[in-house]
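Novice: At the far end of the sequence shown sits residue 88, using my numbering, and the numbering has no gaps.
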Amino acid sequence: YGLVKWLRDDLGFEILDVSVADAFGLGVNAISLGEDRVISTRRSEALNERLRALGLTVFDPDLEMFTLGGGGAHCLAQPLRRDPVG
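(1) Who are the near neighbours of residue 30 in its chain, counting only those whose CB is closer than 7 Å to its CB and skipping five residues on each side?
(2) Buried or exposed: which applies to residue 46, given that a residue is buried once 16 or more other Cβ atoms fall within 10 Å of its Cβ?
(3) Could you check what DSSP says for residue 36 in three-state terms: helix, strand or coil?
(4) Could you tell me the alpha carbon to alpha carbon distance between residue 74 and residue 3, rounded to whole angstroms?
(5) Per DSSP, what kind of secondary structure is residue 43 in: helix, strand or coil?
(6) Quick one: give me the first and last residue of the beta strand (DSSP E) that residue 60 is part of.
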């Protein structure tokens, strides 16, 4: 509760409550692209509509094959570290 209060009250973040289905479906595993644009997952329809109502542009591709494996939009954008070939 202290972290949420600090983010909301001291830093001015808007905190959205999400459904259990969106949380377990990794709908909250979104990624900010900047300039009020986010990538979410198509499955999180209610959350995406709430984000759009706040003025955000939501890109919502079907990520079902990734979320079934435990990843989401944010996870897909993580850098890969590879050993040099040689």
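Even glycine gets a Cβ: it sits at the ideal position worked out from N, Cα and C.
Specialist: Taking the geometry as given:
(1) Answer for residue 30: 20 and 24, listed in chain order.
(2) With a threshold of 16 other beta carbon atoms within 10 Å, residue 46 meets it and is buried.
(3) Shown here, residue 36 sits in a strand according to DSSP, grouped into three states.
(4) Inter-residue distance for residue 74 and residue 3 is about 25 Å (C-alpha atoms, whole angstroms).
(5) Three-state result, residue 43: coil.
(6) Element bounds for residue 60: 59-61.
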